[in-house]
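Residue numbers (our numbering): 39 to 172.
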């Protein structure tokens with residue numbers, strides 16, 4: 039469990055596509071609804087989350103950080119699957135994938151509706167993005 043104060047900041051239909059010194063956890067959605075769920079955050083937030091998850095100090099990008107952020111994306115995907123299934127839209131989830139680096143561009147699906155929620159923590163913000171094809 040992650041012990042961190044988190045509060046939603048704003049909802050929008052755009053998010054910064056260019057990420058610097060960041061990590062993204064990504065889950066693909068397939069079935070009656072196709073799309074992607076992603077969580078994007080600066081490395082510093084990812085280190086805090088991983089440290090909280092595992093009870094250790096983390097100060098560099100490593101496999102533990104990738105696994106922790108991938109697992110958070112997986113948990114979010116599971117929650118989204120339940121919500122969509124309850125409304126009759128059964129989906130399958132891909133395995134989580136992580137992307138990290140000094141600078142990368144996260145491209146959206148072409149004909150997808152997007153919801154972007156920005157969250158604040160005491161260490162900075164992170165983004166959860168859902169893209170569903172219409």
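All C-beta atoms in this analysis are idealised placements derived from N, C-alpha and C, irrespective of residue type, glycine included.
All values reported here derive from a predicted model rather than from experimental measurement.
Run of the beta strand (DSSP E) containing residue 157, from where it starts to where it stops: Residue 157 -> beta strand (DSSP E) spans 150-159.
When 97, 151, 124 are compared against residue 83, the one with the closest alpha-carbon: Per the Cα distances, 97.
Pair within 8 Å by beta-carbon distance, residue 134 and residue 111: Going by C-beta atoms, residue 134 is nearer than 8 Å to residue 111.
Endpoints, beta strand (DSSP E) assigned at residue 207: This structure does not reach residue 207, given that the chain is present from 39 up to 172, and the question cannot be answered.
Pairwise C-alpha distance: residue 74 and residue 128: Spanning the two alpha carbons is a distance of roughly 15 Å.
Cβ-based burial, residue 108 [other Cβ within 10 Å; buried from 16]: With 16 or more Cβ atoms within 10 Å of its Cβ, residue 108 is classed as buried.
Nearest residue (CA-CA) to residue 68, options 116, 59, 139, 80: For the residues 116, 59, 139, 80, the minimum Cα distance to residue 68 belongs to 116.
Contiguous beta strand (DSSP E) assignments of at least 3 residues, all confined to the stretch 55-90: The qualifying runs are 56-69, 73-80.
Per-residue burial, residue 62 [other beta carbons within 10 Å of its own, 16 or more giving buried]: Answer is buried; the Cβ neighbour count reaches 16.
Residue 60, buried or exposed, once every other Cβ within 10 Å from all chains shown has been counted against 16: Residue 60 comes out buried.
Distance between residue 130 and residue 119 (C-alpha atoms, nearest Å): Taking C-alpha positions only, residue 119 is separated from residue 130 by approximately 8 Å.
Proximity below 8 Å, CB of residue 165 to CB of residue 78: Contact flag set, yes.
Exposure label - residue 44; buried when at least 16 CB within 10 Å: Of the other Cβ atoms in all chains shown, fewer than 16 fall within 10 Å of the Cβ of residue 44; this residue is therefore exposed.
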